[in-house]
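Input: a single structure, listed below in structure tokens.
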Ligand code: IMP
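Numbering (this note's numbering), first residue to last: 14 to 214.
Below you can see the structure in the form of structure tokens.
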């Protein structure tokens, strides 16, 4: 069963293929589709819906989209929906390492290091018809990078119950605990339980 995933992020696509093992996850690039909608909403849900709806308009088939990021309590929830663009300005793109360094520099002297990854996932089935789930992974920012797995902010987020950073978790553990893993599993269970009528998945 083929489901489009509205993303260009290879790491996320790998995670999605693991989370939806019974389905073939296809990203726009696989079919030569140019896809880069502007994420103009101020919520994860709003941006996930923008991505899902705009890809659905192009492919007219079931689309999964996620919008995710990291919210840091001591920074009032920042970088939040701006996690991917954090520190990038005037056309200068900051890569993961630079973003992590910037985030840790803003945390200097702050005692409260709590943060959470948030993922909103939308399965878009047709005009006016979609399911959405939002999930989190709670963590604490450490002061250094640890681990080589995952991507993005993973090496600086420590998950207490595992004694590891997210970048030190096995892919299976990340899928079990993560914001995207939990949201994806809920959508996957909904799909099993309520296979949409009149929709070829
Ligand atoms: P999006 O592709 O617009 O949803 O941007 C998500 C951004 O949030 C990514 O580029 C990462 O910087 C960050 N992010 C989201 N999920 C994760 C994760 O699981 N690990 C590390 N960083 C993440």
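Beta carbons are placed, not taken as given, at the ideal position from N, Cα and C, and that holds for glycine. Since we're looking at a predicted model, the values are computed, not measured.
- Inclusion of residue 30 and residue 78 in the CB contact set at 8 Å is not warranted, their separation being larger than that value.
- Cβ-Cβ distances below 6 Å link residue 125 to 86 and 87 in the same chain, with the five nearest sequence neighbours on each side left out; the list follows chain order.
- Pairing residue 152 with residue 128, the inter-Cα distance amounts to about 5 Å.
- Sequence-distant partners of residue 135 (beyond 5 residues in either direction) whose C-beta falls short of 6 Å from its own C-beta, in its chain, are 61, 62, 65, 78, 143 and 145.
- DSSP places residue 200 in the uninterrupted alpha helix (DSSP H) bounded by 192–206.
- Looking at the DSSP output, residue 149 bridges to 131.
- Under the three-pair Cβ rule at 8 Å, the stretch 147–162 counts as touching the stretch 176–183.
- Straight-line spacing of the CA atoms in residue 21 and residue 159 works out to 25 Å.
- Residue pairing for residue 81: DSSP places it in a beta bridge opposite 132.
- By the Cβ-count criterion, residue 156 is exposed, with fewer than 16 other Cβ atoms from all chains shown falling within 10 Å of its own Cβ.
- Boundaries of the alpha helix (DSSP H) harbouring residue 64: 57–72, taken from the DSSP string.
- Assignment of beta-bridge partners to residue 16 by DSSP yields 38.
- A residue is listed when its beta-carbon falls short of 7 Å from at least one non-hydrogen atom of the ligand IMP; in chain order these are 20, 22, 25, 52, 60, 79, 80, 81, 82, 83, 96, 97, 109, 112, 130, 132, 163, 164, 165, 166, 167, 179, 191, 192 and 193.
- For a cut-off of 8 Å, the C-beta gap from residue 163 to residue 32 is around 14 Å, too long to register as a contact.
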